[in-house]
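Residue numbers (our numbering): -3 to 695.
All C-beta atoms in this analysis are idealised placements derived from N, C-alpha and C, irrespective of residue type, glycine included.
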Amino acid sequence: MPVFAFTIFLSAFLLFLVQPIIAKQILPWFGGSPAVWNTCMVFFQMLLLAGYAYSDWSIRRLNPRAQAILHCVLLAASLAVLPIVADAAWKPGGDEDPVWRILALLGATIGLPYFLLSSTGPLIQACFARRYGGERVYRLFALSNFGSLLALLAFPFAIELLIDTRTQALTWSIAFVLFALLCAASVILAARPVAAIAARAEFAEPLAEGPAPGVAAYALWLALAALGTIMLLAVTNHITQNIASIPLLWLVPLTLYLLTFILCFEGRGWYRRWLFVIPFLALLPAMAWGLQANSGVLEIKKAVPLYCIGLFVACMFCHGELALAKPAPRYLTRFYLMISLGGALGGLFVGVAAPRIFSAYYELPLALVVGGLLATLLMFRQGTAGGAFADRVAAIAARIPGAVSPVALSRSVMVVLSLCATAATGWYVYLYQHEYLADTTLLMERNFFGMLRVQENGEGSERVRNLVHGVIMHGKQSFDPEYQRKPTTYYTEGSGVGRLFTAFSKEPLRAGVIGLGAGTLAVYGGKGDVVRFYEINPQVIEVARKEFTYLPDSAAKIETVLGDARLAMEREPAQQYDILAVDAFSSDAIPVHLITLQAMDAYLKHLKPGGVIAFHVTNRYLDLKPVVRLLADARGLKALNIADDGESRFGSSTDWVLVTRRPEIFTMEAFAGATEEIEIPAGLATWTDDFNNLFQVLK
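Okay, structure coming up:
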């Protein structure tokens, strides 16, 4: 048994670990566009599903010996693609659609190993059932999720801190060789004649005890798995986009999701319907009410725990019901295939379909209502059955003449409660939608980069328009004639970038800006100047042009480049910028590939000898100033921070780090008394494409 258990644990650990390792390798090559992330997500989800389908097919169609031979051949073939280091020949050479190149790269680099890792869980569990039989086989599913959970936590808090990306890939490859040996041993052990005899005995018994699952069972497995995945992704989107833009906060929902699988499929079975269904029904309308948290209905310190607890209970319900509905061991591969398919469909719905069909994050409200309906259906069919206490009550009631069946009474009560909870949830969802369509919201759009809202408050000269992405302000404009053409928020005259533009105002200026927002920095452009914006989100460009007047009102020539800024700058000829403003680090999901040594080299290529790079490092949770200082030191540059308290009207507290080859620039009058040195904490290393970690710079 230990060889089966360790094989499953190691496969799950490596399966979860390989995704960030590969993603970090190719991100600098392809940029941060949604095509990159969505292509990676679709590749891994489809290959996971293919692995589960292969396991189901081989268990049902092949005898143990043929299955062992086939799997060992595949394992041997997978070793030929090691190590999983992406070949530089796959780097894109132009502006072509990256989707097919990414799919080919992933297939050549990790395709077969990932496919075999995906197939291991159900395949080895089936092998275990052949040799040992019994319900213990489902405990291995809990062990698999424990391996995934360990990998999830180990990567950001240990692995990423200790070794660079290339070493991670090499170490992973060595571990995969160990996995291949263990997996081969497992299937060979299961194919031995004594195991084959045991297989016939064990698999015959479940056929008598548990009939083949029907269409209703498949539909239930699919629905529960899909709902759990949708809840995970929808809650993660909500708390990171609408409540708190905190780095690594996404780890909490995913940890809870995996933990519920462990608890529900661990041998003792922690899930009891009567224990979790009531909290689940109570939390559905509570979470629907809390959807308005970003409007001030619920404080952040209460909203985040509410949704984390709600997600835990919802996933306990979904995965607990899956555990209760699991089939006899003979059908476990089909069971896991349906779980995988449900998870893939849920992931594709939230990650691919929802950004295309919704203008806001409506998948969470939808999931809450569907959860209530699914609970109602289960209560109608089964009530709160399942528990020693309920069995004892039923036995006592059976002896009382004329007594109403407690099972029937329980079912009726729970159906009514479920319907009431669903109705309340639907009502709060309606109020949530009404809140999003309030009078202050002029525009609301969503795509793969998130949701943009344009809000307007006040009237006449007090009218102010804001551009909001998630919970982060990305631009503000006053319609008071005195302030309409003046910079606001992070870009006022007292900010680091404002002082920089003031210092260069007496000569024709050529400026580059990474991150458009509302286009506020265009106000500094004068006649004869050129301001070139790099923006990855096409909706931001459209909104800046139509809803704000900074771009059309600017006296400078305005240019916009759509796409990932680093890729664009690596491909285009030197632009000879006097100023390059890098303004992309205000949220939790900062584009790390824009703040590495290789990125700095790309910026310097476009900078005049006397030019200045301005990094906007204002962030509530990350201290990026030392990171920029180390990048500057590595290239012999001078870096100073300029902090602004934002006390001016429409101003915001900001930090800008200015980097230049010529330190004498900081003696100019515009910087008098404003600059400060940057201290480097002990242990912080220079960020490169191969080595960087947000955990090191958390405040």
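Rounded distance between the beta-carbons of residue j and residue i, thought under 8 Å
{"i": "I98", "j": "C36", "result": "7 Å"}
{"i": "N688", "j": "T614", "result": "Not quite, the Cβ-Cβ distance comes to about 19 Å (not below 8 Å), so this is no contact."}
{"i": "A738", "j": "P325", "result": "Outside the displayed span of the chain (-3 to 695) sits residue 738, for which this structure offers no information."}
{"i": "L654", "j": "V608", "result": "5 Å"}
{"i": "L112", "j": "S74", "result": "6 Å"}
{"i": "Q572", "j": "R495", "result": "Wrong, their Cβ atoms sit about 22 Å apart, outside the cutoff."}
{"i": "V365", "j": "G422", "result": "5 Å"}
{"i": "A551", "j": "K523", "result": "5 Å"}
{"i": "L218", "j": "G338", "result": "4 Å"}
{"i": "M42", "j": "Y214", "result": "Rounded, the Cβ-Cβ distance is 20 Å, inconsistent with contact."}
Residue nearest to residue i in terms of C-alpha spacing, selected from the options
{"i": "G343", "options": "L174, M227, L75 and G456", "result": "M227"}
{"i": "L102", "options": "G89, A84 and Y617", "result": "A84"}
{"i": "G642", "options": "A104, L328, R449 and G492", "result": "G492"}
{"i": "G89", "options": "G27, A668, D52 and L149", "result": "G27"}
{"i": "Y128", "options": "R461, F354 and P(-2)", "result": "P(-2)"}
{"i": "T161", "options": "L496, A666, K523 and I18", "result": "I18"}
{"i": "A221", "options": "A154, W266, A340 and V95", "result": "A340"}
{"i": "V231", "options": "K553, T256, A208 and L287", "result": "L287"}
{"i": "A740", "options": "W285, R268 and K297", "result": "Given a span of -3 to 695 for the chain in the structure shown, any question on residue 740 remains unanswerable."}
{"i": "A350", "options": "A420, N34, I532 and L694", "result": "N34"}
{"i": "Y357", "options": "S474, L603, G338 and Q237", "result": "Q237"}
{"i": "S114", "options": "L23, T329 and T545", "result": "T329"}
{"i": "H430", "options": "A284, L373 and C314", "result": "A284"}
{"i": "L280", "options": "V450, L302 and L600", "result": "L302"}
{"i": "R132", "options": "R61, Y520 and F261", "result": "F261"}
{"i": "E665", "options": "K502, K542, R407 and N462", "result": "K502"}
{"i": "P477", "options": "H470, R459 and Y486", "result": "R459"}
{"i": "R528", "options": "C314, A208, L439 and V557", "result": "V557"}
Cα-Cα separation, residue i to residue j
{"i": "Q535", "j": "E441", "result": "8 Å"}
{"i": "L259", "j": "G107", "result": "31 Å"}
{"i": "A363", "j": "V211", "result": "23 Å"}
{"i": "V77", "j": "A319", "result": "37 Å"}
{"i": "A580", "j": "F611", "result": "9 Å"}
{"i": "L185", "j": "A49", "result": "22 Å"}
{"i": "I676", "j": "G632", "result": "16 Å"}
{"i": "A678", "j": "T251", "result": "30 Å"}
{"i": "V14", "j": "L576", "result": "35 Å"}
{"i": "V400", "j": "G347", "result": "Note on V400: pLDDT 44, under 50, position unreliable in the model; the coordinate value appears next. If you take the alpha carbons of V400 and G347, they lie about 48 Å apart."}
{"i": "R188", "j": "L136", "result": "21 Å"}
{"i": "R388", "j": "W270", "result": "Low local confidence applies: a pLDDT of 48 at R388 is under 50, so the model's placement there is unreliable, and no value is given."}
{"i": "L636", "j": "W86", "result": "38 Å"}
{"i": "A194", "j": "C123", "result": "Because the pLDDT of A194 is 46, which lies under 50, any placement of that residue in the model is unreliable, and the question is left without a value."}
{"i": "I65", "j": "T163", "result": "32 Å"}
{"i": "T671", "j": "F662", "result": "8 Å"}
{"i": "P243", "j": "L618", "result": "8 Å"}
{"i": "Y253", "j": "F308", "result": "7 Å"}
{"i": "P249", "j": "S457", "result": "44 Å"}
{"i": "I274", "j": "G224", "result": "17 Å"}
{"i": "L648", "j": "E489", "result": "Correcting the residue type first, residue 648 is Ser in the shown sequence and not Leu. Answer to the nearest angstrom: the Cα atoms are 11 Å apart."}
{"i": "L603", "j": "A570", "result": "8 Å"}
{"i": "F475", "j": "W25", "result": "42 Å"}
{"i": "R625", "j": "A147", "result": "32 Å"}
{"i": "V509", "j": "V173", "result": "47 Å"}
{"i": "A8", "j": "C304", "result": "24 Å"}
{"i": "R708", "j": "V578", "result": "Not covered by the structure: residue 708. The range shown for the chain is -3 to 695."}
{"i": "T498", "j": "R657", "result": "19 Å"}
{"i": "L680", "j": "A668", "result": "30 Å"}
Extent of the continuous beta strand (DSSP E) to which residue i belongs
{"i": "V460", "result": "V460 to H465"}
{"i": "E555", "result": "K553 to L558"}
{"i": "I638", "result": "K634 to D640"}
{"i": "N453", "result": "G446 to N453"}
{"i": "R442", "result": "T437 to N443"}
Segment limits, alpha helix (DSSP H) that includes residue i
{"i": "D686", "result": "No alpha helix (DSSP H) holds D686; DSSP gives it neither H nor E."}
{"i": "Q535", "result": "P534 to E543"}
{"i": "G367", "result": "E359 to Q378"}
{"i": "W86", "result": "From DSSP, W86 is part of no alpha helix (DSSP H); its letter is neither H nor E."}
{"i": "I17", "result": "P(-2) to F26"}
Closer than 8 Å: residue i CB and nearest the ligand MN heavy atom
{"i": "P622", "result": "You won't find the ligand MN in this model; it holds no ligand whatsoever."}
9 Å Cβ cutoff, residue i in contact with chain C
{"i": "T545", "result": "Going by chain labels, chain C is absent from the structure shown, which holds only one protein chain."}
Check: Could you give the uninterrupted runs of the alpha helix (DSSP H) lying entirely in the stretch 317 to 350, keeping only those of 4 residues or more?
Finding: 328 to 344
Next item on the list: Would you list, in sequence order, the uninterrupted alpha helix (DSSP H) runs of no fewer than 4 residues that lie entirely inside the stretch 585 to 617?
Entry: 593 to 601
Check: Taking the runs of the beta strand (DSSP E) that are 3 residues or longer, which of them lie wholly in the stretch 468 to 527?
Finding: 468 to 474 and 506 to 510
Check: Taking only runs of the beta strand (DSSP E) that begin and end inside the stretch 245 to 272, which ones reach a length of at least 3 residues, in chain order?
Finding: none
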